[in-house]
Amino acid sequence: MPGDTVITENRPCRKCGYELKGLRIGLNCPECGEPIKSRPKSKGAREGTMADADPGYVAMLRWGFVLMSMAIMASLFGMIVRFFAYFGGPVWYWVGSGISVIASFAWCGGVFIVSRPRPEPFNSLDEPILDNPRVRLLVRICGGVWVLYTLASVAHIALIEAAANGGGNGMLQGVAAFFRVLGGLGAYLSLIPLCIFIGELAFWMSDDTGGWRLRAAAWAMAVFGTLLMLCVGLTAIGVTIVAWLAFWISIVVVVGAISFAWSVVQCATLASWVLRYQDQVEGRAERITERLRERVEHGGKVTGDTYCRRCGYSLRGLPNGGRCPECGESYADITPFPIFNDRPRHPEDELPLDIDESGTPQKIVPRRPSFGPLAREPDESPIPLSGDDEDRPEDLRDLPEPRPMPDPASGRGDDDDSIPLAEDGDEAGRG
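Per the numbering used here, the very first residue in the sequence shown carries number 673; after that it's consecutive.
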């Protein structure tokens, strides 16, 4: 029984993280009171996927992907807002810059969350990317580079605006431009290890297409992003001929960013589906046991939480294959075939048979089943005969017709095969 099963592996509570090892299935968590439900047997760390990981880790991973997705979308929105600064004044620029700074911090936080160590027993596999502490540290540094790049970009453009208004400092402007270009190169190059790491997480979630798309988007953004930063640096030192090239390269970078953002959003969606799956399979053994018990006790009736599709009326306890008493909608297609027995037969419920001796005897007429293929019944009777006299039994054969007695006065013919009389014999002897 599920209630007699003792948890032997390390398993934190789904709600509060309390260690449940040694407790029994069916009890409540001593810390928060959450019911302890059974889980299907894991395939093992080497063959298992993220569905076999701890739900708390998957939930944190989902929030990390959500933060990264929101950061990418907010960064693109900040770029659009800054574009309106050419028409609406510097206010739009500062609003867009503020959005970009917030997005960079959200991005860094999301990267820190998704680069957490994997839970047991997956962390014991020593996977070269997901379980490598140095790779995780590099990924987190790559997430922080975007914060430095965003701050350097805002400071550089602010110094340019100050110089245009008659203020500012040329040395500070040059230093800000240097860190902006250097930070941009580091930020776009950091997408290579970052997306490879996230791609491995996608592979772990059984999303091979998303994993390869993440790797392709990472390399595309890294290459074109590096070219974009070089064009920006050349434009800053006076080589304005590459400004038009920077515009077209920026379009490619935006398309790659959208593709990358879509892949990260899909990772967040997959993590949500993994959590939903884990929630559905938890307590499955208890639900199956309860469903079987209800079917035995209430045979022929709707069991479990079944509702009408039209009005939502609860159909629990109603006969199978009927109609909703609230709206009349048929629910025959979502319930088993209706049966005649309302509940299982019990010997105590059977009434004794009464024999009416004064009744009229009725002829027993065999009938074929009303549905299904015709059953072949073996026929042990003899082969039917033709009905001639030779095929009948001896006691049922017809008697032969008697022959007429011969006339003594008449002569015998050649074809007369009658038995000769005594007188005929005597005459023949005397002759």
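Glycine is no exception: its CB is placed at the ideal position from the N, C-alpha and C atoms.
Could you check what DSSP says for arginine 683 in three-state terms: helix, strand or coil? Position 11 of the sequence shown, counting from 1, holds the residue named residue 683. Looking at arginine 683 - three-state DSSP - the assignment turns out to be coil, as it is neither helix nor strand.
Residue range of the unbroken alpha helix (DSSP H) whose run includes proline 1033: Numbered from its first residue, the sequence shown carries residue 1033 at position 361. Segment: none, proline 1033 is in no alpha helix (DSSP H) and carries neither H nor E.
From this set, Lys693, Phe896, Arg754, which residue's C-alpha is nearest isoleucine 771's C-alpha? Here the question's residue 771 lines up with position 99 in the sequence shown. The shortest C-alpha separation from isoleucine 771 is found at Arg754.
Straight-line Cα distance separating threonine 721 from aspartate 879: Counting from one through the sequence shown, the residue named residue 879 turns up at place 207. Counting from one through the sequence shown, the residue named residue 721 turns up at place 49. Approximately 11 Å, taken between the alpha carbons.
Where does lysine 715 land, buried or exposed, given buried means 16+ other C-beta within 10 angstroms? As a first step, residue 715 is located in the sequence shown; it is residue number 43 there, counting from the start. Reliability fails at lysine 715, whose pLDDT of 47 lies under 50, so the model's placement of it is uncertain and the value that follows must be treated cautiously. The residue is exposed, with fewer than 16 neighbouring Cβ atoms inside 10 Å.
As a quick exercise: from Ala874, Trp764, Ile697, Gly897, pick the residue whose alpha carbon is nearest that of valine 936. In the sequence shown, residue 936 corresponds to position 264, counting from 1. Taking only the C-alpha atoms, the option nearest valine 936 is Ala874.
Do the segment 883 to 893 and the segment 839 to 858 make contact, defined as three or more Cβ pairs closer than 8 Å? no
Buried or exposed (CB count within 10 angstroms, at least 16 for buried), aspartate 724: Here residue 724 refers to the residue found at position 52 when the sequence shown is read from its first residue. So aspartate 724 ends up on the buried side.
Limits of the alpha helix (DSSP H) - the one that glutamate 872 falls within: The sequence position of residue 872 within the sequence shown is 200, counting from 1. Element bounds for glutamate 872: 863 to 876.
Which residues does DSSP pair with valine 678 in a beta bridge? The residue labelled residue 678 in the question sits at position 6 within the sequence shown. According to DSSP, valine 678 bridges with Arg696.
Flag this pair as touching only if the segment 858 to 869 and the segment 824 to 832 have three or more C-beta atom pairs under 8 Å; answer yes or no. no
Which one or two residues does DSSP pair with tyrosine 979 in a beta bridge? By 1-based counting over the sequence shown, the position of residue 979 is 307. Tyrosine 979 is bridged to Ser986.
For phenylalanine 756, which residues of its own chain have a beta-carbon under 6 Å away from its beta-carbon, when the five flanking residues on both sides are left out? Reading the sequence shown from its first residue, position 84 is the one you call residue 756. Cβ neighbours of phenylalanine 756 beyond the five flanking positions: Trp764.
Quick one: what does DSSP say proline 805 is sitting in, helix, strand or coil? Translated into positions along the sequence shown, residue 805 becomes position 133. Three-state result, proline 805: helix.
Please classify phenylalanine 919 as buried or exposed, where buried requires at least 16 neighbouring CB atoms within 10 angstroms. Looking up residue 919 in the sequence shown gives position 247. It is exposed - the Cβ of phenylalanine 919 has fewer than 16 other Cβ atoms within 10 Å.
The ligand FAD heavy atom lying under 7 Å from the CB of leucine 733: Inclusion of the ligand FAD in the displayed structure is not the case, the ligand content being empty and no account of it being possible.
Between Asp726, Glu681, Leu733, which lies nearest to glutamine 938 when the distance is taken from Cα to Cα? Counting from one through the sequence shown, the residue named residue 938 turns up at place 266. Considering only alpha carbons, the answer is Leu733.
Whose C-beta lies closer than 6 Å to the C-beta of glycine 905 among residues of the same chain, with five residues either side of it excluded? Taking the sequence shown and counting its residues from 1, one reaches residue 905 at position 233. Val853.
If you draw a straight line from the C-alpha of aspartate 726 to the C-alpha of leucine 831, how long is it? For this step, residue 726 is matched to residue 54 along the sequence shown. For this step, residue 831 is matched to residue 159 along the sequence shown. Rounded to the nearest angstrom, the two C-alpha atoms are 49 Å apart.
Extent of the continuous alpha helix (DSSP H) run through isoleucine 913: Sequence index remark: in the sequence shown, residue 913 carries index 241 (1-based). Element bounds for isoleucine 913: n/a, residue is neither H nor E.
Compute the Euclidean distance between the alpha carbons of threonine 881 and isoleucine 870, then round it to the nearest angstrom. Along the sequence shown, read from residue 1 onward, the residue named residue 881 stands at position 209. Along the sequence shown, read from residue 1 onward, the residue named residue 870 stands at position 198. Rounded to the nearest angstrom, the two C-alpha atoms are 13 Å apart.
Valine 763 lies in the alpha helix (DSSP H); which residues open and close that run? Start at 1 with the first residue of the sequence shown, and residue 763 comes out as number 91. 762 to 786 is the span of the alpha helix (DSSP H), which, as asked, contains valine 763.
In whole angstroms, what is the alpha-carbon distance linking alanine 943 and alanine 908? Locating residue 943 in the sequence shown gives position 271, where the first residue counts as 1. Locating residue 908 in the sequence shown gives position 236, where the first residue counts as 1. One C-alpha to the other measures close to 43 Å.
Using C-beta distances below 6 Å, list every residue in its chain close to alanine 1004, excluding the 5 sequence neighbours before and after it, in chain order. Counting from 1 along the sequence shown, the entry for residue 1004 is found at position 332. Answer for alanine 1004: Gly993, listed in chain order.
By the 10 Å Cβ neighbour count, where 16 or more other Cβ atoms means buried, how is arginine 718 classified, buried or exposed? By one-based count along the sequence shown, residue 718 stands at place 46. Unreliable positioning characterises arginine 718 in this predicted model, as indicated by a pLDDT of 43, which lies under 50. A coordinate reading is not provided.
CB-CB under 7 Å to cysteine 685, same chain, minus the five flanking residues each way: which ones, in chain order? Counted from its first residue, the sequence shown places residue 685 at position 13. Leu692, Cys701, Glu703, Cys704, Glu706.
Range of the contiguous alpha helix (DSSP H) that encloses serine 747: Locating residue 747 in the sequence shown gives position 75, where the first residue counts as 1. Its alpha helix (DSSP H) spans residues 727 to 755.
May I ask you to report which of helix, strand or coil DSSP gives arginine 885? Position 213 of the sequence shown, counted from the start, is the residue given in the question as residue 885. Three-state result, arginine 885: helix.
Residue from Ile708, Ser1002, Ser776, Glu792 with nearest C-alpha to tyrosine 729: Mapped onto the sequence shown, residue 729 falls at position 57. The residue with the shortest Cα to Cα distance from tyrosine 729 is Glu792.
Excluding sequence positions up to five away, which residues of its chain have a Cβ less than 8 Å from the Cβ of isoleucine 752? In the sequence shown, residue 752 corresponds to position 80, counting from 1. Gly768.
Roughly how many whole angstroms lie between the Cα atoms of lysine 687 and isoleucine 708? As a working mapping, residue 687 is identified with position 15 in the sequence shown. As a working mapping, residue 708 is identified with position 36 in the sequence shown. Going from the Cα of lysine 687 to the Cα of isoleucine 708 covers about 10 Å.
May I have the straight-line CA-CA distance separating leucine 917 from glutamate 833, to the nearest angstrom? Here residue 917 refers to the residue found at position 245 of the sequence shown. Here residue 833 refers to the residue found at position 161 of the sequence shown. Going by the C-alpha atoms only, they are around 24 Å apart.
Anticipated Cβ contact below 8 Å, glycine 858 with valine 786, distance rounded: Here residue 858 refers to the residue found at position 186 when the sequence shown is read from its first residue. Here residue 786 refers to the residue found at position 114 when the sequence shown is read from its first residue. Contact doesn't hold; Cβ gap of about 20 Å is too wide.
Through-space distance from glycine 897 to serine 922, alpha-carbon basis: Here residue 922 is taken as the residue at index 250 of the sequence shown, counted from 1. Here residue 897 is taken as the residue at index 225 of the sequence shown, counted from 1. Going from the Cα of serine 922 to the Cα of glycine 897 covers about 8 Å.
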